[in-house]
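Undergrad: Below: one structure in structure tokens.
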Amino acid sequence: MGKNLVGNHIRKLRFNHDEMTQQQLADKVGVTRQTIVALEKGNYSPSLELAFRIAHTFNLPLEEIFYYGENTKQ
Numbered sequence: 001m002g003k004n005l006v007g008n009h010i011r012k013l014r015f016n017h018d019e020m021t022q023q024q025l026a027d028k029v030g031v032t033r034q035t036i037v038a039l040e041k042g043n044y045s046p047s048l049e050l051a052f053r054i055a056h057t058f059n060l061p062l063e064e065i066f067y068y069g070e071n072t073k074q
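Using the UniProt record's numbering, you'd call the opening residue of the sequence shown number 1 and step up by one each time.
Structure (structure tokens):
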């Protein structure tokens, strides 16, 4: 298998939410800043629970934060 096919818009969403830092998001969802870095870089796919916590933080449905497919750079 190649590169992780699950992508996300977390970085863009953080900046659209009062320029939230990676650490602030990590604190809100209960993970380390390094986990947020890995998510944003596409090196890590979140658990379903973490994905829902992130969606809840941004008050958005999962599909507006995460996407699946060949073209993970949008």
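C-beta: ideal position from N, C-alpha, C; glycine also.
Can you tell me where the alpha helix (DSSP H) holding Val29 begins and where it ends?
TA: Where Val29 is concerned, the enclosing alpha helix (DSSP H) stretches over 22-29.
Undergrad: Since Glu43 is in the beta strand (DSSP E), which residue starts that stretch and which ends it?
TA: The residue you asked about is not Glu; residue 43 is Asn in the sequence shown. Premise fails: Asn43 is in no beta strand (DSSP E) and is neither H nor E.
Undergrad: Could you check whether Gly30 and Arg53 sit closer than 8 Å to each other, using their CB atoms as the reference points?
TA: yes
Undergrad: Leaving out five residues on either side along the sequence, give the residues of the same chain with a beta carbon under 8 Å from the beta carbon of His17.
TA: Phe58
Undergrad: Any idea what DSSP makes of Asn16, helix, strand or coil?
TA: helix
Undergrad: Nearest-angstrom Cα distance between His56 and Lys41?
TA: 21 Å
Undergrad: So, is Pro46 buried or exposed, given that buried needs 16 or more other C-beta atoms within 10 angstroms?
TA: buried
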